[in-house]
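For the sequence shown, our numbering begins at 10 and goes up steadily by one. Ideal Cβ positions, reconstructed from N, Cα and C, are used throughout, including at glycine. All of these numbers come straight from a predicted model, not from anything done at the bench.
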Amino acid sequence: MRDIIIAGNWKMNKDAGETAQFCSALKGRLADVTIPGLRVIVAPAFVLLPAAKQALAGSRIEASAQDVSSQAKGAFTGEVSAPMLASLQVSYAIVGHSERRQYHAESNELVRNKVQMLLDHRIIPIMCIGETLDQREAGETEAVLESQLSGCFDGIELSTGKELVIAYEPVWAIGTGKTATSEQAQQAHAFIRNWLNNRFGSQIAQNMSILYGGSMKPGNCEELISQPDIDGGLIGGASLKIDDFADMVHTGVSVLKKGK
Ligand code: PGA
């Protein structure tokens, strides 16, 4: 069975004190959540990863970066490399988020290079893809996903499917309060899994967790992650509130226990 992952993408929110406070409170709240197959991740800003890791020490909650450089080292002012993240024992990094694609003009080729850099340093990429509203309304959703998948995976080899996570995040649902229906999301996830099956074979396609992202919250989490191909969520706004985030972790536990 695939792991269910509940991941909070904090974006540019929470300072040092808020990060430490949230992480230690979360650790306390989830102390009795030890179910195998559930992964809980928070992604603070780069600079706060050590504070988050320190507050989470002794728990199974993991920290993720929100991005990484495609370069290993050198004259790249402002960048943070995969070896630097590895030296902090950071186990995940989000790449290709639509806000990076939109505001920093990140291409599939750049995302691909970041994915390779992370894999080379044994950090699990959480690779984001998803269509805009115009693309969905023009009936181009699958063509967009296909071109993002083939671009971001160009020349990438995987061995188990557990070393990378995909997040399907329809751009029109991010931060808008508009969630994809569970049917729309399941359809996109099934398309992605089928693409993985053709590209990497069935074992990798079946092992890989594919998260949904875009206005996920306690009220819609259960229905979304109960879908056969939705293996958790990458949650922005609702991950900033500890009650909502802990609630969604508990939803992950109950969906796992039901054994979907
Ligand atoms: P949202 O963001 O949950 O606030 O829509 C999700 C994301 O951007 O990862």
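**Asked** Buried or exposed: which applies to Gln2, given that a residue is buried once 16 or more other Cβ atoms fall within 10 Å of its Cβ?
**Response** For the chain, the structure presents residues 10 to 269; residue 2 sits outside this window and is missing.
**Asked** What is the C-beta distance between Ser78 and Glu88, in whole angstroms, given that I count them as a contact (C-beta under 8 Å)?
**Response** Your numbering for residue 78 matches position 69 in the sequence shown. Your numbering for residue 88 matches position 79 in the sequence shown. Indeed they touch by this definition, with Cβ atoms about 4 Å apart.
**Contained beta strand (DSSP E) runs [length at least 3] in the stretch 80-112, N- to C-terminal order** = 101-104
**Asked** Hey, how far is the Cα of Gln111 from the Cα of Ala182?
**Response** Position 102 of the sequence shown, counted from the first residue, corresponds to residue 111. Position 173 of the sequence shown, counted from the first residue, corresponds to residue 182. For the pair Gln111 and Ala182, the Cα-to-Cα distance works out to about 15 Å.
**Asked** Among all the DSSP beta bridges, which residues are the ones paired with Asn18?
**Response** What you label residue 18 is simply residue 9 of the sequence shown in a count that begins at 1. Its beta-bridge partners are Ala52.
**Asked** Secondary structure at Ser116, three-state DSSP: helix, strand or coil?
**Response** Taking the first residue of the sequence shown as position 1, residue 116 is located at position 107. Correct three-state label for Ser116: coil.
**Request:** Could you please give the first and the last residue of the uninterrupted beta strand (DSSP E) stretch that includes Ile133?
**Result:** As a first step, residue 133 must be located in the sequence shown, where it is residue number 124. Here the beta strand (DSSP E) through Ile133 covers Ile133 to Ile138.
**Message:** Run through the DSSP bridge pairs and tell me what Gly46 is partnered with.
**Reply:** As a first step, residue 46 is located in the sequence shown; it is residue number 37 there, counting from the start. Answer is none; Gly46 lacks a bridge partner.
**Asked** Is any heavy atom of the ligand PGA found at a distance shorter than 7 Å from the C-beta of Ile244?
**Response** Within the sequence shown, residue 244 is the residue found at index 235, counting from 1. Yes - the ligand PGA has a heavy atom lying nearer than 7 Å to the Cβ of Ile244.
**Asked** In whole angstroms, what separates the C-alpha of Lys20 from that of Ala247?
**Response** If you number the sequence shown from 1, residue 20 lands on position 11. If you number the sequence shown from 1, residue 247 lands on position 238. Looking at the backbone, the Cα of Lys20 and that of Ala247 are separated by about 12 Å.
**Message:** Going by DSSP in three states, Glu71 sits in which element: helix, strand or coil?
**Reply:** Within the sequence shown, numbered from 1, the residue matching residue 71 stands at position 62. Here Glu71 sits in strand by DSSP.
**Prompt:** Secondary structure at Leu265, three-state DSSP: helix, strand or coil?
**Reply:** Walking along the sequence shown from the start, residue 265 turns up at place 256. In the structure shown, Leu265 sits in a helix (DSSP, three-state: H, G or I).
**Asked** DSSP on Ile1, reduced to helix/strand/coil?
**Response** Nothing about residue 1 can be reported from this structure: the residues present for the chain run from 10 to 269 only.
**Prompt:** Roughly how far, in whole angstroms, is the beta-carbon of Lys36 from the beta-carbon of Ala64, given that I think they are within contact range, below 8 Å?
**Reply:** Here residue 36 corresponds to residue number 27 of the sequence shown, with the count starting at 1. Here residue 64 corresponds to residue number 55 of the sequence shown, with the count starting at 1. Confirmed, about 7 Å.
**Candidates Asp256, Leu249, Ser263 and Lys267: closest to Ala54 by CA position** = Indexing the sequence shown from 1 puts residue 54 at position 45. The candidate whose alpha carbon is nearest that of Ala54 is Leu249.
**Prompt:** Can you tell which of Val153, Ala81 and Lys171 has its C-alpha closest to the C-alpha of Ser107?
**Reply:** Here the question's residue 107 lines up with position 98 in the sequence shown. Nearest option by C-alpha distance: Val153.
**Asked** Taking the alpha carbon of Leu167 as the point to measure from, which residue in Ala147, Thr185 and Phe209 has its own alpha carbon closest?
**Response** Here the question's residue 167 lines up with position 158 in the sequence shown. Of Ala147, Thr185 and Phe209, the residue nearest in Cα terms is Phe209.
**Request:** List the endpoints of the continuous beta strand (DSSP E) containing Ile244.
**Result:** Looking up residue 244 in the sequence shown gives position 235. Start and end: Gly241 to Ile244.
**Request:** Name the residue from Gln212, Val258 and Leu57 whose alpha carbon lies nearest to the alpha carbon of Ile234.
**Result:** The residue labelled residue 234 in the question sits at position 225 within the sequence shown. Per the Cα distances, Val258.
**Message:** According to DSSP, simplified to helix, strand and coil, what is Ile219?
**Reply:** The sequence position of residue 219 within the sequence shown is 210, counting from 1. Strand at Ile219.
**Item:** Simplified DSSP assignment, three categories, for Ala176
**Value:** Taking the first residue of the sequence shown as position 1, residue 176 is located at position 167. In this structure, Ala176 counts as strand in the three-state DSSP scheme.
**Item:** Pairwise C-alpha distance: Ala60 and Ala25
**Value:** The residue labelled residue 25 in the question sits at position 16 within the sequence shown. The residue labelled residue 60 in the question sits at position 51 within the sequence shown. The straight-line gap from Cα to Cα measures roughly 7 Å.
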